[in-house]
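Below is one structure, written out as structure tokens, with a few remarks after it.
This is the structure in structure tokens:
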């Protein structure tokens, strides 16, 4: 092998080596850039983590403050309400006391009137006392009024008066409210029969 | 063929309460009685006889009037008094006799008066 051939071969090898070195150098630069990017990313992540931790703390703090705020205003309202309730209670107690006194006065007055009536009753003539003792049941009276309304117009006054007289006689005979009501109920039950009899064509006109 | 049956003017339907009322009034034909007294005498409950009295009055067997004057010390409403007419008393006796023969088994004796109700 000649010297020229050896030199050319060495030159080719050197040229290849230089090209490989240049390529490796470019690759190394790319790696350096990637490392820088990775470092930046790691720093950003750490910052984000810090932010998240701070945010969590802020939320907890806000929640605590909101609870304290609500409690504070509730306490303020309770404090405002308390005197109002006290005043309302005082007014209610005042009214209850006034009502109590009024009831006492009314009770005493009723008692006085009852005693006065007792005295008047004791001093009244016996016949008057007897009349006053007659207690006609109002419901029975109303029932009898209803019965008379079922009768022909020409007979209402007569039977109304007659029924009332009988009811009075029952009351005078110490027939109680139940007995008087039973009497009135029987008049109710026989009202339609009486109405039919009074409307019968054969009927002579009775004396009013 | 018979024609429509003529409806002869007869007395009241002689129901048991009607007979009791007539019998009570015939016991003292000249006595005037108010409604409650008739009830007591007939043994009927108060408040049941006015249709009967109205029927008998409509037929002319009874007549009624208000009592003339109520004693002021009584302080009560005036009463309506009923009395058999002369003709009514006679017709009532006949009607009761006929009813009794057809229903002789019925006990028409008034119940013992147990009060006004």
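Residue numbers (the numbering used here), protein chains in the order written: chain B, 56 to 263; chain U, 7 to 123.
Ideal placement from N, C-alpha and C gives every residue a C-beta, glycine not left out.
Since we're looking at a predicted model, the values are computed, not measured.
Taking residue i as part of the beta strand (DSSP E), name the residues at either end of that continuous run.
i             : result
residue 72(U) : 68 to 72
residue 65(U) : Per DSSP, residue 65(U) belongs to no beta strand (DSSP E) and is neither H nor E.
residue 29(U) : Looking at the DSSP string, residue 29(U) is not in any beta strand (DSSP E); the run it does join, the alpha helix (DSSP H), is 22 to 33.
residue 86(U) : 86 to 90
Any beta-carbon of chain B closer than 8 Å to the one on residue i?
i              : result
residue 85(U)  : yes
residue 91(U)  : no
residue 57(U)  : yes
residue 120(U) : Per-residue confidence for residue 120(U) stands at a pLDDT of 46, beneath the threshold of 50, marking its modelled position as unreliable; the derived number appears in the next sentence. It does not; no Cβ of chain B falls within 8 Å.
residue 75(U)  : no
residue 64(U)  : yes
residue 101(U) : no
residue 61(U)  : yes
Would you identify the three-state DSSP class for residue i, choosing helix, strand or coil?
i              : result
residue 38(U)  : coil
residue 206(B) : coil
residue 110(B) : helix
residue 50(U)  : coil
residue 83(U)  : coil
residue 75(U)  : coil
Among the options, which one has its Cα closest to the Cα of residue i?
i              : options                          : result
residue 222(B) : 205(B), 210(B) and 200(B)        : 200(B)
residue 235(B) : 37(U), 70(U), 76(U) and 42(U)    : 42(U)
residue 237(B) : 65(B), 195(B), 203(B) and 219(B) : 195(B)
residue 243(B) : 64(U), 87(U), 55(U) and 46(U)    : 55(U)
residue 73(U)  : 205(B), 96(B), 93(B) and 217(B)  : 217(B)
residue 255(B) : 206(B), 212(B) and 240(B)        : 206(B)
Is the shortest distance between the beta-carbon of residue i and the beta-carbons of chain U less than 8 Å?
i              : result
residue 236(B) : no
residue 154(B) : no
residue 205(B) : no
residue 148(B) : no
I want to verify the contact list: residues of chain D whose CB lies under 8 Å from the CB of residue i, in sequence order.
i              : result
residue 220(B) : This model lacks chain D altogether, as its protein chains are B and U.
Mind checking which residues open and close the alpha helix (DSSP H) that includes residue i?
i              : result
residue 252(B) : 246 to 254
residue 190(B) : Run containing residue 190(B): none; DSSP gives neither H nor E here.
Self-check item: Members of the stretch 35 to 53 of chain U near chain B, C-beta cut-off 7 Å
Solution: 41, 42, 51, 52 and 53
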